[in-house]
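Residue numbers (this note's numbering): 33 to 188.
Rendered as structure tokens:
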């Protein structure tokens with residue numbers, strides 16, 4: 033909240049500065065007689081310039097959703113079901129590969145399948161056993177859930 037307020041304050045101060053600079057330029061080039069005769073026109077132009085600048089600031093400051101972003105693991109159950117954030121490519125019965133990222137190296141842990149897309153948009157992924165022992169796999173996943181990468185498709 034504090035970061036948003038500071039950014040908004042800076043943006044509105046910048047917009048005010050641009051409007052003030054525009055008014056000064058108008059008064060220098062057009063002269064005081066023209067300024068006095070066209071105050072309403074100047075006011076209207078300043079309003080739409082402020083709206084355009086605020087819209088540009090909002091457009092630049094908001095992040096676009098990456099449709100191919102890898103979902104983050106939120107929780108792991110005792111029976112090896114991962115609860116992950118929503119991603120557009122995760123649908124029911126989609127097969128995924130689960131990797132562990134360590135020292136910039138991705139090591140494949142196991143494969144999984146989406147078993148449920150919840151009403152709150154979180155996704156449940158059931159892990160499928162690999163060369164790891166089930167308990168060892170579950171322990172590794174729970175201990176390293178921040179470093180897990182979930183990618184679409186199955187690596188064979």
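By construction, the Cβ of each residue, glycine as well, lies at the ideal position given by its N, Cα and C atoms. Predicted, not measured: the structure shown is a model, and the values here were computed from it.
Checklist entry - Straight-line CA distance for residue 82 to residue 76? => result As a position in the chain shown, residue 82 is number 50, starting the count at 1. As a position in the chain shown, residue 76 is number 44, starting the count at 1. Near 10 angstroms, if we compare the C-alpha coordinates of residue 76 and residue 82.
Checklist entry - If you run the structure through DSSP and keep just helix, strand and coil, what is residue 171? => result Position 139 of the chain shown, counted from the first residue, corresponds to residue 171. Reduced to three states, the DSSP call for residue 171 is helix.
Next on the checklist: Using 8 angstroms as the threshold, is the C-beta distance between residue 119 and residue 101 below it?
Outcome noted: Numbered from its first residue, the chain shown carries residue 119 at position 87. Numbered from its first residue, the chain shown carries residue 101 at position 69. Yes, Cβ-Cβ distance for residue 119 and residue 101 is below 8 angstroms.
Next on the checklist: Can you confirm whether the region 55-72 touches the region 83-97 when touching is taken to mean that 3 or more C-beta pairs between the two stretches lie within less than 8 angstroms?
Outcome noted: no
Item to check | Helix, strand or coil at residue 104 according to DSSP, with G and I counted as helix | outcome: The residue you call residue 104 lines up with position 72 of the chain shown. In the structure shown, residue 104 sits in coil (DSSP, three-state: anything other than H, G, I, E or B).
Next on the checklist: Let me make sure I understand the geometry here. Which of 78, 71, 37 and 42 has the alpha-carbon closest to that of residue 52?
Outcome noted: Along the chain shown, one-based indexing puts residue 52 at 20. Ranking 78, 71, 37 and 42 by Cα distance to residue 52 puts 78 first.
Checklist entry - Does the Cβ-Cβ distance between residue 143 and residue 186 come in under 8 angstroms? => result Counting from 1 along the chain shown, the entry for residue 143 is found at position 111. Counting from 1 along the chain shown, the entry for residue 186 is found at position 154. Going by C-beta atoms, residue 143 is nearer than 8 angstroms to residue 186.
Next on the checklist: For a minimum of 3 consecutive residues, which ranges assigned as the beta strand (DSSP E) are wholly contained in the region 69-147?
Outcome noted: 105-108, 113-116 and 127-134
Item to check | Straight-line gap, residue 57 to residue 116 (C-alpha atoms, nearest Å) | outcome: Position 25 of the chain shown, counted from the start, is the residue given in the question as residue 57. Position 84 of the chain shown, counted from the start, is the residue given in the question as residue 116. One C-alpha to the other measures close to 54 angstroms.
Next on the checklist: Output needed for residue 181: all residues of its chain with C-beta closer than 8 angstroms, excluding positions within five of it in sequence on either side, in chain order.
Outcome noted: On the chain shown, residue 181 is found 149 positions in, with the first residue counted as 1. 102, 130, 131, 132, 133 and 138.
Next on the checklist: Considering only the alpha carbon of each residue, which of 43, 146 and 42 lies closest to residue 160?
Outcome noted: Within the chain shown, the letter at position 128 stands for residue 160. Cα-wise, what sits closest to residue 160 is 146.
Item to check | Local Cβ density within 10 Å of residue 42, reported as buried at 16 or more and exposed below that | outcome: Against the chain shown, residue 42 aligns to sequence position 10. Result: exposed.
Item to check | Burial state of residue 141, where buried means 16 or more other Cβ atoms lie within 10 Å | outcome: Here residue 141 refers to the residue found at position 109 when the chain shown is read from its first residue. Counting Cβ neighbours within 10 Å, residue 141 comes out buried, since at least 16 surround it.
Checklist entry - From residue 155 to residue 90, what distance separates their C-alpha atoms? => result The residue you call residue 155 lines up with position 123 of the chain shown. The residue you call residue 90 lines up with position 58 of the chain shown. Taking the straight line from one Cα to the other gives about 30 angstroms.
Checklist entry - Which residues in the same chain as residue 104 place their Cβ atom closer than 7 angstroms to its Cβ, once the five residues preceding and following it in sequence are excluded? => result Sequence index remark: in the chain shown, residue 104 carries index 72 (1-based). Contacts found: 116 and 117.
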